[in-house]
Amino acid sequence: MNLGILNNIESLNDKSLQLRYSNTSLAQLLAEEALKYSTEINDEKWLAISKLNKFWCLFLQSDFNNIIDKLIKLIFYFSDSGLESYRAEALLLTAQVQEGYGVYEILQNKIVAV
């Protein structure tokens, strides 16, 4: 396995994490690039971490489509792999998405009702 590619994936994910709240669009692009590299080398750990990072970006941009189903798969992966800190983060994001989606639907219903 190419150590340079692994370092690049880790670096992209770290930078994406730093930008998650200040520049979500760029953070998502970096996460998608890390996801691409993770897919190319077929590294399950970094693939799952990159997906989680991307889902955070999608959530912050209010893109709720299919995030919950995908997060559940990641939660099981992290649990099975012993990556408990990532499992906890995925659980937190799942709760945030559910709460955010509920608020989003309430707002949508109010807008429609007006």
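Quick note on this note's numbering: the sequence shown kicks off at 2 and runs consecutively.
By construction, the Cβ of each residue, glycine as well, lies at the ideal position given by its N, Cα and C atoms.
Fair warning: this is a prediction, and the values are worked out from it, not measured in the lab.
Which listed residue (the options) has its alpha carbon closest to that of residue i
{"i": "Ser-39", "options": "Leu-7, Ile-76, Asp-81, Ser-86", "result": "Leu-7"}
{"i": "Ile-73", "options": "Gly-83, Leu-84, Leu-94, Leu-59", "result": "Leu-94"}
{"i": "Glu-45", "options": "Leu-92, Asp-81, Gln-97, Gln-99", "result": "Asp-81"}
Expected contact under 8 Å - CB spacing of residue i and residue j to nearest Å
{"i": "Arg-21", "j": "Leu-61", "result": "7 Å"}
{"i": "Ile-42", "j": "Tyr-87", "result": "The pair is not a contact, with the Cβ atoms about 18 Å apart (cut-off 8 Å)."}
Straight-line Cα distance separating residue j from residue i
{"i": "Leu-27", "j": "Leu-18", "result": "10 Å"}
{"i": "Asp-70", "j": "Phe-77", "result": "11 Å"}
{"i": "Leu-75", "j": "Gly-5", "result": "25 Å"}
{"i": "Lys-37", "j": "Asn-9", "result": "11 Å"}
**OP:** Determine contact between the stretch 28–40 and the stretch 50–65, defined as no fewer than three beta-carbon pairs at a distance below 8 Å.
**Re:** yes
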